[in-house]
Structure formats: structure tokens, C-alpha cells
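Residue numbers (the numbering used here), protein chains in the order written: chain A, 687 to 896; chain B, 18 to 581. Virtual Cβ for every residue (Gly too), placed ideally from N, Cα, C. Treat the numbers as computed from the prediction; the structure is a model and nothing was measured. Below is one structure, written out as C-alpha cells, with a few remarks after it.
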């Protein structure tokens, strides 16, 4: 037997042996879309209906102990578009940096008083580049815009690298999950974070609904 | 009359009194309401600015963001608020409650009351009130509270609670509390017409700069009775302080508030009303006195002019009733009473005349006949009756009176006839007529008795004795002869319709006349039927040889024997 064949076979198989991934998918019941209607009078010069009702989405994530994150620190983006935060909710892993581009034609002033991360970007336009923020503590960060009182945004700083945002209908899919015992959580709102215990085995496809 | 006057006045006084009181109270109530409205509006206009400021502050995004964070320090929240607040001046007191109504604490003095003592009290009240406030608050609400700064000074504070709402989620994130002192005096007093005192009632206590401590105590006890159990929107209440009447008006200032209900109290004095009522009463009394006086005078006047003549008329009537037909009343007036008096006099004259007729009739005919004539019992025409007829004349009358003057003759005859007529009457007979010296009497007409015959004889005898007496006692001495006959005659009023008299007709009448003619002086001759009826009551002797003109020889007669 040639040794190189055995090595190649082992090499080809290793991924399957070492990376036995599970998948969880399902559907989360989302709350109704909320919108504020008093904005047109408050912001003169803005076209009417400049912000439609925002459909709050949920973030589903796996909590547990994972090996050290292999993900390199990335930059996430929380934009201001059509006088709303885009996305409405942004899950990131601890240590991620986020920038806040202004894609509107008006000033915005993004700030947060959350204990996890207090910051105030000041007023800036599309052309300005405000400072980026690194979130190194896990928790919920509530975003506001000083100028546009109706704007709400949430940055969910998670320890886990396994998270996803649902679509507008509440459907989600988590892939490449390691086997083990974990808690699956769905962050719907501050007061509503249902969770389910899951035991994952290699190659398992789990259906979990919230 | 005086009673009527007084009664009318009293009856008039009572509804007037009531009406005046009611109208005054209505006016007062209207005025009180107007003044309360203007106080309310004044307060509103003063508060409008600060209320708007609170609303603006409650809409601040940074404040909302701060209140939304559960882990933010109280001090941080106040620090953020500091950045948001523009132009908060004066002794304003700012505090926050979280979404459950818990008070967020701050030691910063610039947004608190300058006196820590007052601050502590305020905060403790907020702590108590907070949870209920937070659960009920959906819009800005007002409340009132008083804080005693020291022993003498109590300051009234208005408190505005503004909810901090997250529009996106409609969740209450917290409550903004703003308190500031308010003054009541000099607010509207200058504009009102009726002086009144003002105060605020809340939490079972009364606050006022206006009232004396005594008034305050009385008012407090009166109001606490009113407020036990229920909280009306508006009411009024009479009150008495030291015997003076007052009217209290109350209106809730913050009815639909989560804060305890505070009432605006206005105290009106009823002194003016009482004064007016007193004046009214004295006016009525004066009127009563004056009109009683007038009534008295009028009464006297009327009595003089009306009742006296009427009284005289009544007296006159009584006199006439008692038989005095000569009564005539003087006519003093030329009006209805005069006419009445004249009529009265005429009536009395008529009565007198009637009486005269009556008495003359009685004189002219026998009384019994007269009465029957008057009563209408006797009519023209006659009836057959059995009657005793008595004729009596004077013997030798013509001879005797030849030489006498006429007046003496009449006097003598009158004396004679009076006496004899009296006897006839006494015996139950009726004088038919006088013919010169002759008197004709009837027994049995117009009415009869059982013993008419006996009566006729008794009459004859008494006539004789009466004449004897007269012969003795008077100037004249005369002798009579009497004849009596009894039988059926026709009796009735005979003559013409215009003039007739009651008499009898028949054979027996002639017989009596003849017998009388036959009788000698002092003799009584009776016919057989009369004698038969006598039953020998009187002694008599039969007569023989009686020759009477017009009668047959066999006529029997008797002479009654007279005992001298």
C-alpha cells in the first residue's frame, strides 16, 4: 500500500470526522410591525411616508461554551436609512466593531445610554465618517437618534458565534453547529427571550420553533 | 279690617323674604361660578407654559433613551435631564419616577427646592403616590399639595405629572414630576364685585392666606363633613360663623387626576343679603304700622258716616216694631243712605196710616167683624145663621135731648154707647150698629157660641145695671128698653160693592126691634125661642096681649125680671 493514499484518505475524511456539523432551523413568532405616525409633522421637508412600519425581527442564537472564536474580528454595519436603523436588530459577537453610516440626506445623531456600551456619535451627515465602536461586552445596546425620536435600533452583543436574524416572516436557519448540549435562545424583545435546551449530534437537523 | 291689613302684610312678607333670599343665592352662585371659572382659567394660563415645557421635556429623545435603560444610575438620568432642560427657572422642583413609580433620587440642589426640609416632605409624598400614579397615568395630570415650611408659613404647591411614553411601543418608561409654588391671593380678587375669601382644600385640610385661623377651623370642620365618603365635582354649602351667614362654594380642580382631588373653596359673606332682608323686614313693619293707622282712621271714618246712620235706621225699625208708628228719622245725607232713610220714613208713615185705618175700622165696626173683614173672611154675600138679636134704645130720648146743645148730646150718647158696647163685647156679642140712641147687638154672628141666647140676656141685664151706675155716677140719667129675638137670619156684608157693612136681615130682626119698642123703661123683653133656651136661668114672666106690628097675635114673649 502506498502511504500517501492512506494519508490522503485520512486527510479527506478528517473534515468529516472533526467537523460533524448540525443544523437547526425553525420559525419564530414575531410581534406585529410597529410604526409611528407622528413623524411627518416633526421633520419638515421630509417626504411623506418616509418611514414605513418597522417589522421587528428576532435573533436566534446558541448559548453554551464554545472553543475560542475562530472568527476574525469583522466590521458590522448599522446604517441609518429612510429615517430608520438598518437593520433594526444587529447581532454581533463580542469584540466586533460596528460602524454607522448615514445613508440619508439629513443629519443623524446616533447615541446609546446602554450600560454595555455608552456612546454618542454626534451629528453627522452622509459625507461624514463617524467614529466606529467596538463592542467588547456582551448585552443589549439600545440605539436612538437624537434628531429623529422614533428611530430605534438594537445591537445584540453575543458571546456565541452562532447566531442569525430571522427573516420578516420569522424563519431562521443555523448551520455548522458543533455537537453538544446547548441552550437555543430567541431574542424577540427585551422582555421576551424564550429558550430551549438542545442536544446536538453530528449531522443532526433539528426543527425548533418559538 | 286691621286684622286683614296685618294678615295681608304678613302673608306678603313671607314669600317676598323667601324670594329675595333665593334670588340672592342664585345670583351669588352664578357669580361664584364665574369667579371660579376665571380663577381656573387664570391658573390654566399661568400653568400653560410650564405644562408645555413638561410635555416637551417628556418628548426628549435622550430622556426617553435614559429612562429606557434599566441599569442607568439615577444621577445619570438627572444629568441627562439637565442637558435637556431649557429655561427652568424659579423655585421649580423636578423629579423622575421610573416605570413602576419608584422615585429616582437626586441630591442636586439646582433642580430641587431650596429648602431641604420641604424637599424631604415632597419626596416622601411622591414615594407614596408614585406607584398608583405610574399605573394610571396616560396623559398629563395636575395635583396640589401643601408643605409647611415652618410653623406659620404653609406654602401651596402645584404638581404636574407628565408621562414619558415610548411612542414606538406605547410603553410607559417613567414619569416626570414638576412642582412649583402658587399663590392664591391677588389672583382674581381685584376683578370681583363681591368680596370673598379663597382657599384650597385637599387631603382633609384647608389652605388659605385669606382666612383667620378661627374661620379656617370652622370651615375645615364644616367641609370635612361634606367630603366624607364622596367627592362631588361642585357644591355649595351654607355656613354660620359668629352668627353671620356665609355661603361656601367648592369646585374640584383636578377631578380626573391620579392625585388626590383638590377643591377650590370660595367663601362669600351673606352680610349684604342679611342686611337687605333686615331692611325689607323693617320696611314691611313700617308699612304695617302705617297701613294699620290708615285702616284705623278709615275705619273710624266709615263708622261715623256709614254705621251710625245704619244704626239709627235699625233703632228706628225696632221702635216701629214695638208699635211706635210716629217714628220719623232725620234725613241728613243726600246719597243712598238718605234715600234709604226717606223710604223708611215713608214706610213708617204708611204703617201708621194702616194702623190708623185699622183702629178706625175697629171703631167703626165691631172689633171681631173688623178683624174678619181685614183677614178677608167676610165677603159680599151672606149666610143663614141662628142669631140672637138685641135692640136697646133710650126711652124718651128725643124729648130729653130737645133742649140740649148738640155737643152735649153727642157727649152723652158717647158715654152711654161706650159703656154698653163694652158690655156687649164682654158678653161675647158683636155690636152691629148704632142708630142714634139705639144700639143693635148680635150674638151668634159672625161667630156663634152654644149659649148665645143666654149671653144675650145676660148682656141685657148687665146693660141695665150699667146704665143704672151711669145714672148714678154721671151727669145724665137715662132709661132704656131692650128687646131680644132669636132665630134664623141672613148674615153678611150688605150694601154695594164699594160700600157695605156686616149686618143681619130677617123676621127675627124685626121682631127684636118691635120687642124693644114695646119694652118700657128698664124692661127686657125676650121672644119664646130665647126664653126656651134660658132654661129658667133668669126669672121671667110671660107676656099677654102682645100686639106687635107685622106679627100675629099669637106671638109669645117674656119679660125678664130684674132684681133691683
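According to DSSP, residues forming a beta bridge with residue i
i, result
"residue 782 of chain A", "A:821"
"residue 21 of chain B", "In DSSP, residue 21 of chain B forms no bridge with anything."
"residue 810 of chain A", "A:794"
"residue 711 of chain A", "A:859, A:893"
"residue 841 of chain A", "A:776, A:827"
"residue 347 of chain B", "Bridge partners of residue 347 of chain B: none, in fact."
"residue 286 of chain B", "B:263"
"residue 171 of chain B", "B:165"
"residue 535 of chain B", "Partner(s): none; residue 535 of chain B has no beta bridge."
"residue 897 of chain A", "This structure cannot settle anything about residue 897 of chain A, because the visible part of chain A is limited to 687 through 896."
"residue 540 of chain B", "B:498"
"residue 882 of chain A", "A:870"
"residue 270 of chain B", "Bridge partners of residue 270 of chain B: none, in fact."
"residue 183 of chain B", "B:188"
"residue 804 of chain A", "A:799"
"residue 112 of chain B", "B:194"
Short Cβ contact (9 Å threshold) for residue i with residue j
i, j, result
"residue 82 of chain B", "residue 114 of chain B", "no"
"residue 458 of chain B", "residue 551 of chain B", "no"
"residue 823 of chain A", "residue 708 of chain A", "no"
"residue 178 of chain B", "residue 157 of chain B", "yes"
"residue 265 of chain B", "residue 249 of chain B", "no"
"residue 780 of chain A", "residue 763 of chain A", "no"
"residue 290 of chain B", "residue 38 of chain B", "yes"
"residue 802 of chain A", "residue 831 of chain A", "no"
"residue 873 of chain A", "residue 775 of chain A", "yes"
"residue 216 of chain B", "residue 233 of chain B", "yes"
"residue 840 of chain A", "residue 857 of chain A", "no"
"residue 399 of chain B", "residue 481 of chain B", "no"
"residue 714 of chain A", "residue 778 of chain A", "no"
"residue 349 of chain B", "residue 330 of chain B", "no"
"residue 275 of chain B", "residue 149 of chain B", "yes"
"residue 825 of chain A", "residue 800 of chain A", "yes"
Cutoff 7 Å; reference residue i; Cβ partners in own chain excluding five residues on either side
i, result
"residue 120 of chain B", "112, 114, 140, 143, 144, 147"
"residue 220 of chain B", "277"
"residue 537 of chain B", "498"
"residue 31 of chain B", "none"
"residue 122 of chain B", "91"
"residue 809 of chain A", "793, 795"
"residue 204 of chain B", "Any reading at residue 204 of chain B needs caution, since the residue's pLDDT is 45, under 50, leaving its predicted position unreliable; the model's value is listed next. If we look at residue 204 of chain B and ignore the five residues flanking it on each side, its Cβ neighbours are 56, 59."
"residue 805 of chain A", "797, 798, 819"
"residue 305 of chain B", "23, 26"
"residue 554 of chain B", "471"
"residue 206 of chain B", "Low per-residue confidence applies at residue 206 of chain B: pLDDT is 48, beneath 50, and the placement is therefore not dependable, though the value from the model is reported in the following sentence. Hits under 7 Å: none found."
Other residues of its chain near residue i: CB distance less than 6 Å, five sequence neighbours each side excluded
i, result
"residue 208 of chain B", "For residue 208 of chain B, the pLDDT reaches just 47, beneath the cut-off of 50, and the residue's location in the model is therefore unreliable, although a value from the coordinates is still provided. Excluding residues within five positions, none has a Cβ falling inside 6 Å."
"residue 286 of chain B", "263"
"residue 268 of chain B", "53, 251, 281"
"residue 862 of chain A", "707"
"residue 371 of chain B", "none"
"residue 732 of chain A", "Unreliable placement is indicated for residue 732 of chain A, whose pLDDT of 48 sits below 50; the coordinate value is still reported in the next sentence. Excluding positions up to five away in sequence, the list is empty."
"residue 877 of chain A", "none"
Reference residue i, options the options, closest by Cα
i, options, result
"residue 561 of chain B", "B:553, B:576, B:555, B:547", "B:576"
"residue 171 of chain B", "B:199, B:188, B:189, B:187", "B:199"
"residue 769 of chain A", "A:879, A:837, A:812, A:710", "A:837"
"residue 519 of chain B", "B:384, B:548, B:553", "B:384"
"residue 443 of chain B", "B:483, B:404, B:421", "B:483"
"residue 192 of chain B", "B:155, B:181, B:243", "B:181"
"residue 572 of chain B", "B:348, B:559, B:580, B:386", "B:559"
"residue 294 of chain B", "B:493, B:320, B:554, B:42", "B:42"
"residue 64 of chain B", "B:137, B:437, B:160", "B:160"
"residue 369 of chain B", "B:539, B:382, B:394, B:336", "B:336"
"residue 477 of chain B", "B:258, B:547, B:521", "B:547"
Residues near residue i by beta carbon distance below 8 Å, same chain, minus five either side
i, result
"residue 703 of chain A", "With a pLDDT of 49 at residue 703 of chain A, under the threshold of 50, the modelled position of that residue is not reliable, and the figure given next carries that caveat. There are no such residues."
"residue 401 of chain B", "505, 506, 507, 508"
"residue 298 of chain B", "30, 34"
"residue 880 of chain A", "871, 872, 874, 896"
Is the segment 332 to 342 of chain B in contact with the segment 46 to 62 of chain B, if contact means three or more CB pairs nearer than 8 Å?
no
Contact between the segment 495 to 514 of chain B and the segment 526 to 536 of chain B is defined here as three or more beta-carbon pairs at a separation below 8 Å; is this criterion met?
yes
With contact counted as at least three CB pairs below 8 Å, one residue from each stretch, are the segment 402 to 410 of chain B and the segment 447 to 465 of chain B in contact?
yes
Inspect the CB distances between the segment 745 to 752 of chain A and the segment 840 to 859 of chain A and report whether three or more fall short of 8 Å.
yes
Does the count of Cβ pairs from the segment 423 to 443 of chain B and the segment 504 to 515 of chain B closer than 8 Å reach three?
no
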